[in-house]
Amino acid sequence: MDRTFEVKSRTGVSTDAEVREIGLLAGDQRASCDDRAYFQAAAERLAMLPDASESDVPVLLLEQHYGQQGALTALSSEVERTFDAKLTDGRAFILKTSSRPQTLESFQFQSAAMAGLRGADGVMAPEVIDTLSGGLMFEHEGGCGYLQTRMDGIPLHMVPRTPEILRKVGAALARLNLAMKDTDPQAARRPVLWNIACWPWLVELERYLSKGRTASLVRSAMAEYIRDISPYIADLDWQVTHNDPSPFNMIDTGKGIGFIDFGDGGWNPRIQDLAIAAGHFVIDPRTPLGGAEHVIAGYASLAPLSELEASLLLGLMRARQSALLLINNWRSHLFPAAAPYIMKNVKRAEQGLAVLALLDASSGEAAIRAAAGLAPS
Numbered sequence: 001m002d003r004t005f006e007v008k009s010r011t012g013v014s015t016d017a018e019v020r021e022i023g024l025l026a027g028d029q030r031a032s033c034d035d036r037a038y039f040q041a042a043a044e045r046l047a048m049l050p051d052a053s054e055s056d057v058p059v060l061l062l063e064q065h066y067g068q069q070g071a072l073t074a075l076s077s078e079v080e081r082t083f084d085a086k087l088t089d090g091r092a093f094i095l096k097t098s099s100r101p102q103t104l105e106s107f108q109f110q111s112a113a114m115a116g117l118r119g120a121d122g123v124m125a126p127e128v129i130d131t132l133s134g135g136l137m138f139e140h141e142g143g144c145g146y147l148q149t150r151m152d153g154i155p156l157h158m159v160p161r162t163p164e165i166l167r168k169v170g171a172a173l174a175r176l177n178l179a180m181k182d183t184d185p186q187a188a189r190r191p192v193l194w195n196i197a198c199w200p201w202l203v204e205l206e207r208y209l210s211k212g213r214t215a216s217l218v219r220s221a222m223a224e225y226i227r228d229i230s231p232y233i234a235d236l237d238w239q240v241t242h243n244d245p246s247p248f249n250m251i252d253t254g255k256g257i258g259f260i261d262f263g264d265g266g267w268n269p270r271i272q273d274l275a276i277a278a279g280h281f282v283i284d285p286r287t288p289l290g291g292a293e294h295v296i297a298g299y300a301s302l303a304p305l306s307e308l309e310a311s312l313l314l315g316l317m318r319a320r321q322s323a324l325l326l327i328n329n330w331r332s333h334l335f336p337a338a339a340p341y342i343m344k345n346v347k348r349a350e351q352g353l354a355v356l357a358l359l360d361a362s363s364g365e366a367a368i369r370a371a372a373g374l375a376p377s
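With full-length UniProt numbering as the guide, the letters of the sequence shown map in order to residues 1 to 377.
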């Protein structure tokens, strides 16, 4: 059967996704029909750009639902519309809006997740501003949105990646995970293409990768995930997580590391957040984990890794780097004008995957265990 994943419409509210049955899973293990439907629904939500609206509509929404006036500046975003809102009294906020019905669940999750972090010890995240009616978000003529505080500081992708800052990243992420452990925001199980349930199906996007070493490494990493890791995923500790702690979504506030953009968050293995964050900081080929060992050490100092987590973490890091390459190359093909924004993390993932590819299973687990302060196995 032809290996295709065609998107018939690039700008409409919905798309027509055709996915073949894949036979790459080890033995008789196969992704369920429910997983396939989840994957298709999640892919449709990313097969679109932010909707357009009249320039004065967000200003009116700000006034109608929050009683505030100010100037709005559009910011880059994947699906929702995001604005830097500078009020007439000098305060600065972030306003997120969308007229697409698919965004409602995402906004419900984002606003509830951030509200659940209010008062969490040592956790820095934006604060959701209540609407005039007392809600976390608003719905307006088929659209929706919410207002949050703006986090001041320097995005991590602009900060020198010293061992000290990387340990702080890991520790801050552990505090975030611990704070979110007992939360259950609305829509936490909505379709999200970045969710681990979609990974076995992402091989459908292979043809959007340029042929060469990176494509080969991606193919190997995803096969490793399907064969060696996915059978044990259900045995990990699951909870609500951020699911996108990239250098663009972490802020050095001067008082600690803060987290923004909870749009990909949901119900995931807890260790997944560490796999994502650590994978983004694999930059130095002179060390086995390329610098990610400092992130892992910082995380494990507050949230020790289990034996199972330590054994799976390297494979999860490689698979998540591969998922990033597959999804973002696909989306940049759909939306070439938005490619610079979509591809902002791709080079880092390519470099990190190349570094981690030098490790076999035993040496990789040994490096993870050493970073996490665990005794050799």
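Don't be surprised by glycine CBs; every beta carbon is placed ideally from N, CA and C.
{"Check": "For Thr241 and Lys181, the rounded distance between their alpha carbons", "Outcome": "8 Å"}
{"Check": "C-alpha distance - Arg100 paired with Ser332, whole-angstrom precision", "Outcome": "21 Å"}
{"Check": "Beta-carbon proximity check, Leu324 vs Leu356, cutoff 8 Å", "Outcome": "no"}
{"Check": "Contact the segment 130-141 vs the segment 153-172: 3+ CB pairs below 8 Å", "Outcome": "no"}
{"Check": "Runs of beta strand (DSSP E) wholly within the segment 197-238 (minimum 3 residues, chain order)", "Outcome": "none"}
{"Check": "Nonlocal neighbours in the same chain, by C-beta distance under 8 Å from Leu209, ignoring five residues either side", "Outcome": "Ala215, Val218, Leu325, Leu326, Asn329"}
{"Check": "Length-filtered (4 minimum) alpha helix (DSSP H) runs lying within the segment 327-368", "Outcome": "339-342, 346-356"}
{"Check": "Inter-residue CB distance, Tyr299 and Leu173 (contact presumed, cutoff 8 Å)", "Outcome": "6 Å"}
{"Check": "Unbroken stretches of the alpha helix (DSSP H), 4 residues or longer, contained in the segment 62-116", "Outcome": "103-115"}
{"Check": "For Glu293 and Glu44, the rounded distance between their alpha carbons", "Outcome": "36 Å"}
{"Check": "Cβ distance (whole Å) where Met222 is taken to contact Val192 below 8 Å", "Outcome": "Not confirmed; about 18 Å, so no contact."}
{"Check": "Spatial distance of Thr11 from Met48 (CA atoms)", "Outcome": "The predicted position of Thr11 is uncertain, since its pLDDT is 35 and thus under 50; no value can be drawn from it."}
{"Check": "Candidates Ala85, Ala112, Thr183, Pro163: closest to Val295 by CA position", "Outcome": "Pro163"}
{"Check": "Asp273 versus Asp360, Asp228, Glu309, residue with shortest Cα-Cα distance", "Outcome": "Glu309"}
{"Check": "Closest residue to Gly145 among Leu61, Phe281, Ser322, Val169 (Cα-Cα distance)", "Outcome": "Leu61"}
{"Check": "Cβ contact (3+ pairs, closer than 8 Å) linking the segment 249-262 and the segment 116-125", "Outcome": "yes"}
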